[in-house]
Structures are given as structure tokens and as C-alpha cells.
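These notes concern the structure reproduced below.
Protein chains in written order, with the working numbering: chain A, 43 to 338; chain B, 167 to 949.
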């Protein structure tokens, strides 16, 4: 998947070398879609605030936060140890549970059920918390800012991830999140997901690279300055969550000569068949490996 | 069907031998360079009794013994008229001279009814290279494929997209033949230029409907490109220096009138021009980006009865740097033997080889890397016979065996500690076919052509066949079992009878009514779910999981000529129905996937439309205007709520205009104008916010629910010829052209994204491949 997008990108670059292709922001009129609930439930095993967000879909060109759904009842159940957690509404559609450092919401190999009740309709989803990767270190490298194209820029550092996943025939899927000075670097082009620490081209049973390999380890080529911190979290995700990200990334920035056919992302939220409003969205329980380093 | 055909043949035979007759046969060639003249006609004056020179310039006409006046003619050439007292069968070769350089309106004398009226062919467009040369071209590069896109019924999804769409067919539904060998990727630089070197091309024929039985293997069209044989009279050099390519070709006799050759090459040189201006430290200093092709042909006329040809093509696009390498290209080789058994039986034996492959590699500094290649190879042998039974019947029959040897991928990954190989099983298929067809003049006014092609396709080992369980539409089918097959063992077989029929009813000498029906089968399809096909896209052959693509097409047309055939007009209406067209499940994983077949779905397609065409091909003003009104839809289980949706190359209105005018003998100007309804696109009607991402979403789940803005463009060109004196040896010309002269940014697509730098702002973006006008200057020479 990654290979494919990388090569398509290169193809486009080569085409641009010959032609004056261009992109312009244009005004167009789109129809309004029917109302959907959007459940954004990426929960993990870390202490602190765990957030599940419930909104509705919004006009495509709206430039505000999605309309909040404040009247939901949000329950997370650990089916394996038969324990349940209630998330409380705060604001902007966010339902929060504060997890104390001594406690944990998530345990590896446990199965979880998300139950969201809105206006009497119960929306559900299941997820198993997958085993975690381990981070050895984060290293950094100095660049003088002279790329060879145009005038030189300021010097910067790139950070590299050195991490391992479990070696056996079962594939592991990860979402690698990078933070600069504790703020998440995230856009559609920063979705860094991996199969067995490699780039997804090696999605074949029995093949395991042990060490995380490029391009995953490049952390999206994000630049850091001296003295800033680089934090990496590796979230264990399910096979389906991996493809949710792949599909979302393909849909969010789907331009150029080799754009793929636009399609609706798949969702793992189950709506009751007679629901007044259908719900879409994603639920994943993750185990997190985390490490911080100061760039120097 | 077979029974009926047999009866008809017997009937024909009886007709044929009821009178004392004699046959006139031979070759028709160009007097200047000895090139055979495809499609030249030999007609008994005042009748529709006649014959057309075949793909090799051979004709045969059988007439009652006695006095006849015969016209030998071809558009653009002086008609040769002679009287003959035909008492026994004789061989007569003709050499026609080009119609004079006289620019006055040429009045064709005699009764030579125009071929577009009298011929049973319909839905056929022919362009000779002289016409193609006059069309203003992108960056001044004369291009066969781009010229074809100006014809009715032919469209493309946009600049830079490879291939072309014929009457609602996908790009993989066109059989592109270069001297009878199929070319799998007809483009250089994605879709900007075609692989055909105009200096080596003689004749281009596009058949969109009423496809005769000798052709098969693709369902929407046949693009039959014939290369020049090489000047058999004298050595000649042709070349050009353009903005993108430089071209050079050399042709000539090795033994005068016996053995001739042509060798033609092109190479792009933008890399050579750019490199001196790059800093030594620039990462693209060591990069390669160029494309080239080489076309060669030799033919040996052994005697009046035997001619052999060998031709080959090789072209490649190369991009790369120290860390990245990507190249792709086609190679084809064809050998042919023309043999005349007797005055009435002509045979052509062909053997060809065709190979399309690509190679992609990344190498990181630390030795980690990735390599990937894929190829599709064809080997084929075929025999075609033309039996000129009598004046009223021309029977064509033959057989072909085509072997597919297909490597979906061979990838190698190198890590710190290991090298991992992913080698797909090769896949093999054999497509065998036999055909017979007869063109029969039933009456003075009514001509019919009927035939049957029977294709038998076998998907064979050695290899592993995958068997899937059916499940919810538009999801990955679960693998149920696999089975290993040994070499040559049959895995799956498909047999498709493909009936063909066309008719021409000549209302009078100036107008005719034509109708046709054909069924076509296709055993190979391109896997591509991107807007434009990439060179990485692989073909896949029919298998136990993928059924062959079948198309039925019917068309009717009215043809009318005006002003002594100098103006041709036609109206055609067609309907096409396709089965087992490939589509893709959502989120399909199409690369390096051993079970790629469970990412594919097959659906129905339908296309219909009407094509209006007016063309003037003589005089100082020449050119054509065509208008097509059409619709193309698809129906695929699990996609777009199981309802018909527009295919991505649907264009409601298409207007093409191509006009050129000779101001003086030296100066020719030309203009193109095209207008096409925008292609459909799938637009969201809302967005979902998940993990701060703005994911576009269409709550109606309808594919291709909007249309992007219309495409229109004007190109202009001017050609100045330096030496126009008759008999001048060194001829040269300067061609100036401006593509997209009024500087329109035509949308290739409209897509949706989160605004850079503002995670809450979403916007629509128009992507234009050619964002401004493109001027170009080309110098051509010939001596």
C-alpha cells in the first residue's frame, strides 16, 4: 500500500517535471447528506484522560468543529473480566474517563465492547486489545538545511524510531504517533501505520522483520529543532483498524493523475436495523509503547 | 449458425462458377517509394464489381471474360484508368502516383463511388500519416493516439491518461496492433505521447464496430497500425528536431524493388537539456528521465508469389536516481510470410512475440531496499487466408494460437538481517481461435459480410489456483482452498462463439445504409483502480475466478457524400452491452497480492450513442467535424447501491473539430477545437471527523454522482515547407504549434482535501494537468 502510494507520488512528480500542471481551490456546490452519528473511539491502556467523541457528520465545506452529540450514554465493557467503565460528557462531543496511574482500562488480549445509547438506540462495536511493540530508543540526526534545491533553509534534525515487534507468524499492526514538544503531529499525510513494523508491502504470513524498518522509522520526515522533545507512541491496532487508516488516508487527499476511485470508508460501528439515525465511526482498543527523547 | 453458413457458402459457390470468368490480380504500390497501398480499389467502371487491396497491397478481382474498363484508385492518389480485354487470368501490378501538388479543388472524374459509401465497413476510421502530420499536436509531437482521440466515438479521461476509450469501453478493451503484434502499453510518459514513431507508420485504422471475424481478443476496438515497408526505390532519410523528441529514420532498398528496410528511432532529451543547469549537489543531477523507442522493419520480395517481412519495436521510459529506479516498456517482434497460392488465394502467416514489463527499485543508503518487476509476454502464431472466390464473394478464414506467459510480480525486500522474496506464481493461458467470414455482394446494391469466430481459452498450469467463498458483496472473499496444477494441466476453459455481421445497402452512388452486429470476447483485463492507468498496472488473464469479458454491439448508420465525394458525412447509432467487466471492491489491495482475484468483482456495462461526422478530404480546406452524444453506465454488485452508475469515462457531448488550410504551396495552417462534457466524479455530501481527520463521506453511497467542469481546448499550428519544387530532393519544414491556445485550465479531476495548515478547513481542488498554453517548434527534414 505504502509502496503504491510512494510510486504514484513519484510518477506524478516526474509528470510535473515536464508539464505545467496546477491545482486551484474552486468553489462548488455540494448536496447535503443525511444525518449520521460519528463515533470516534480510539481508547488505549494509558493512564490519564481517555476520550470517546460523538458528533454528527457535517457539511463538507463547514469549517467548524463537527456538531456535538451531548445526549449519549457511553459505556465501555471489558468482556473478558466483566467490568464496565462509564464515560461522562464534557464538551464538544467529548466523553471522558479519567484513568488513575494505578489503574488500567485496557489489558492485552482482553475483548472490549463499546455501547453507545442515543435516543433509545444502542450502537455497539467490539475490539480486542492487541499485544504491544517495544521502543528501544529514538535517535536524531543533524541536517544543514541545504537540500540542493533552491536556497538553503535553517538547519534541522530528523528523528528515527528504533523499535521491535513480536516475531512469530501472527502479523502485528501498529499506528505510530509522533509528538513534537508534546503536541501530536497529525494530518492525512502523517498517518503512519505498519504491519509487523514494515511498510505493508510485506503483508504475508510468516514474514516478520523484527525491527521496524523504513519508511515507518522516518517518522514522516518531520523536522525538529535542537532542544525540542520528540515523543513516539506505538499503538497496537487490529487488522481492520490498519485498513481503516489506509482507506481514510487514501480518501482524504485523493488528487492527481493517479487518484483512486473515491469510496466511503468502512466503519465498525453496528447500528440497530431500525435505528432512527445510523452511526458510523471507529472503535479500537490499543496497547501503547511510548518513549520521549530530547533532540540534541 | 454453422449450418446456415455452410448453406450460404454452397450457394455462393454455385453462383461463382455459373459463368466463364478470369481473374486479374497483383499488388498496388506507391510509384515514389514502393510502399504497398492498403485499401486501394480496383473497380470495373460503372459497377460495384471490384476489389480492395488488402493489408499487404494485394488485390484480386474476378470478372467475366471480355472487355472491361478498370479504375484503380485511392484517396490522395491519381486514379489510373485502363481498358483490358480479359481472356485469361493475369497478374498486373499497379503503381499509383500521388494526386498533384495542384492546390485547386481536385475534381475526381469517372464514376469511382467513394469507398465509405460502397464498402461494407462501418464504424471505421482511417487516418493516413499525412493527415495525422497536419494536426496541431501537443509539444509539436505528431501522435497517432492523440489524433485518434479527435475521431467520433473516441475519448480519453484527460491529458496524461494513457490509452483511449472507444464507445464506452475501457482502455484495456482496445487491441492495439503494431504490425499484428499487440502492444500492452501504448504510451510514453504516462499518456502524453504514444509509442508509435510517426516516421515509421504507414497506415492507421481504427475499427469501432462491425468488427470482421479475422479480429478478436478485445471487445471495444481494433487499432491496426501498419509500419512502412521502407522505400524500395531509393535511400531516404527522415527526421525531426522537436521540443521533446528528436527523430531519425533511414529507409531504402538493399536490393532495388526486392529488399527494403526502415529503421527509425526517437529519444526524448529534456534530461540532456536540463542537466548542464543543475548544481552538482542537486539530487536530480544524477537522475535519469528519458524515453526512447526504436522501430525497424525489413521486407524481401522473393518473387511475385512470396514476400517475407520482419519487424520489431522496442521502447522504454526510464526514470531514476541513486535511490530510486523505475522503467517500463514494450518490445514486439513480428515475422510474416505472404504467399499467393494462385490468383485467388492469398495467405499470410505471422509469428509474433510481445513483451511488456516494468522494474521498480528503492535502495536506501544503509542497504535496505525493495525491488519489484512484472511482465506479460505473448507468443503467437496465426494463419490468415483470403480466397477471392468470385466477383461476389471474398472469403477470409484462418486460425490463431496465442500463448500468455504472465508474471504478476516478483518482489525482493532487503532488510538488516534478511532478504525476503515474494514471487508470484506465473500464470499461463492459451487463446486459440478459428474464424471464417465471407463478404458477399448479393445484388448490385446489397453487400453483406458474415462470419464466425470461435475462441477457446484455456487457463493452464503450472500454477496454483485459488478458490474463494462467496460472501457479502464488496468485501474480500474468504479463501476456501487452493489447488496446485502441473505444467500444461487445464484449470479452467471458456469457449465463446463470436458471430459477426455487417451489411451495406447502397441507396444510390452517393448514399448508403449500413448495419452491423458483433460479439467479441476478451480473456485479459487490466487491473487499475486509479483515475489514469499507471505503468505499474498489471493485466490479469481469465481464470477459474474471472470470467472472460463479452461484448455485444449493434450499430446502424447512414452514409452520404456530397460534391463528387469530396465531402463525406455519416450518422451512426450504436448500442453495446458488456458482461464481466472488472471493477474493484472498496479499499482493494491490488499490488503484490497473491489473492488479488478476491479484490476484483465483475459487472455489467452498457453504452449507447450516436455519432455525427462530416469530413472534407480534398482541396485546400480539409478536415472534419464530429459530434457524439453518448452514455456509458455500469452495474456492479455491492457498488453504488446495486444500481447503474456512470462509468468514469462517460462523456455526454463530445465535439471534435480539426481543420487545416493550405494558404500557399509552402504554408499550411491548422486548428483543432474540442469540447467534451466533464467526466463524472464521486463527490462527498458530508465529512466525518475522526481523530481530527476530515474524512469525505457520501451518505447516499452513489458512485460518480457529480460531473467536473467541461473540457474544451483549441490548438493551432502552422507548417512552412522550405522546398516545394517538384523533384526537390531535400525537403524540410518548420512546424509551429500552440496547444491549449486560450490558456484554459481544464480540470482533470476535482478532489477534496483538508486545507494545508488549517485542520478544520476543507476545500475542493481542481487538478489540471496542462495548466497553461504550450507552444512548440519542430523542424522536420527528409531527403
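Ideal Cβ positions, reconstructed from N, Cα and C, are used throughout, including at glycine.
Remember, predicted model here, so these are calculated numbers, not experimental data.
Chain-order list of residues whose beta-carbon lies under 6 Å from that of residue i (same chain, five-residue window excluded)
i, result
"residue 249 of chain B", "235"
"residue 417 of chain B", "396, 397, 402, 428"
"residue 898 of chain B", "888, 947"
"residue 115 of chain A", "159"
"residue 905 of chain B", "304, 881, 940"
"residue 539 of chain B", "525, 576"
"residue 345 of chain B", "393, 477, 500"
"residue 716 of chain B", "687, 745"
"residue 734 of chain B", "282, 727, 781"
"residue 517 of chain B", "501, 547"
"residue 271 of chain B", "Low confidence applies here, because residue 271 of chain B scores a pLDDT of 40, under 50, leaving its location unreliable and the question unanswered by this model."
"residue 920 of chain B", "860, 928"
"residue 136 of chain A", "93, 95"
"residue 291 of chain A", "230, 233"
Burial state of residue i (16 or more Cβ within 10 Å)
i, result
"residue 862 of chain B", "buried"
"residue 817 of chain B", "buried"
"residue 273 of chain B", "Note that residue 273 of chain B has pLDDT 41, beneath the 50 cutoff, so the model's placement of it is unreliable and no number is given."
"residue 857 of chain B", "buried"
"residue 300 of chain B", "buried"
"residue 298 of chain A", "buried"
"residue 854 of chain B", "buried"
"residue 659 of chain B", "exposed"
"residue 142 of chain A", "exposed"
"residue 223 of chain A", "exposed"
"residue 689 of chain B", "buried"
"residue 314 of chain A", "exposed"
"residue 326 of chain A", "buried"
"residue 644 of chain B", "exposed"
"residue 46 of chain A", "Residue placement at residue 46 of chain A cannot be trusted, given a pLDDT of 39 that sits under 50; what the coordinates show is reported in the next sentence. With 16 or more Cβ atoms within 10 Å of its Cβ, residue 46 of chain A is classed as buried."
Contacts that residue i makes with chain A (C-beta to C-beta distance below 7 Å)
i, result
"residue 697 of chain B", "299, 300, 301"
"residue 859 of chain B", "230, 290, 294"
"residue 920 of chain B", "229, 230, 294"
Nonlocal neighbours in the same chain, by C-beta distance under 8 Å from residue i, ignoring five residues either side
i, result
"residue 585 of chain B", "578, 579"
"residue 234 of chain A", "217, 218, 219, 220, 258, 261, 262"
Cβ-based neighbour list, residue i, same chain, cut-off 7 Å, excluding 5 preceding and 5 following
i, result
"residue 208 of chain A", "173, 214"
Rounded Cβ spacing between residue i and residue j (contact assumed at less than 8 Å)
i, j, result
"residue 777 of chain B", "residue 319 of chain B", "5 Å"
"residue 391 of chain B", "residue 421 of chain B", "Not a contact, Cβ separation roughly 27 Å."
"residue 617 of chain B", "residue 378 of chain B", "7 Å"
"residue 203 of chain B", "residue 240 of chain B", "5 Å"
"residue 328 of chain A", "residue 279 of chain A", "6 Å"
Chain A residues whose Cβ lies nearer than 8 Å to that of residue i
i, result
"residue 752 of chain B", "289, 305, 306, 308"
"residue 482 of chain B", "Near residue 482 of chain B there are no residues of chain A at all, since even the closest Cβ is about 14 Å away, more than 8 Å."
Chain-ordered neighbours of residue i on chain B, where CB pairs are closer than 8 Å
i, result
"residue 75 of chain A", "850, 851, 852, 863, 864, 865, 866"
"residue 317 of chain A", "Those do not exist, as residue 317 of chain A stays about 14 Å from chain B at its closest Cβ, beyond 8 Å."
"residue 111 of chain A", "Residues of chain B passing the Cβ test: none, with the nearest at roughly 12 Å."
"residue 66 of chain A", "911, 931, 932, 934"
"residue 322 of chain A", "854, 863"
Contact set between residue i and chain B, taken where Cβ atoms lie within less than 7 Å
i, result
"residue 97 of chain A", "855"
"residue 103 of chain A", "928"
"residue 108 of chain A", "855"
Per-residue contacts from residue i into chain B (C-beta, under 9 Å)
i, result
"residue 78 of chain A", "852, 854, 863, 865"
Contacts of residue i in chain A (Cβ-Cβ under 9 Å)
i, result
"residue 915 of chain B", "296, 297, 298, 299, 301"
"residue 771 of chain B", "Those within 9 Å of residue 771 of chain B in chain A number zero; the least Cβ separation is about 15 Å."
"residue 639 of chain B", "Ordered by position in chain A, no residue passes the 9 Å Cβ test against residue 639 of chain B, which lies about 13 Å from the chain."
Q) Do the stretch 625 to 635 of chain B and the stretch 763 to 770 of chain B touch if we need at least three Cβ pairs shorter than 8 Å? A) yes
Q. Can you find at least 3 beta carbon pairs, one from the stretch 686 to 698 of chain B and one from the stretch 644 to 658 of chain B, that sit closer than 8 Å?
A. no
Q) Is there contact between the stretch 876 to 894 of chain B and the stretch 115 to 131 of chain A, where contact requires at least three CB pairs shorter than 8 Å? A) no
Q. Is it true that the stretch 493 to 500 of chain B meets the stretch 323 to 335 of chain B, where meeting means three or more beta-carbon pairs spaced less than 8 Å apart?
A. no
Q.
Pairs of beta-carbons, one from the stretch 404 to 411 of chain B and one from the stretch 337 to 346 of chain B, closer than 8 Å: are there three or more?
A. no
Q) Would you call the stretch 739 to 757 of chain B and the stretch 784 to 793 of chain B touching, i.e. three or more CB-CB distances under 8 Å? A) no
Q: Would you be able to state if there are at least three C-beta pairs under 8 Å between the stretch 76 to 95 of chain A and the stretch 827 to 834 of chain B?
A: no
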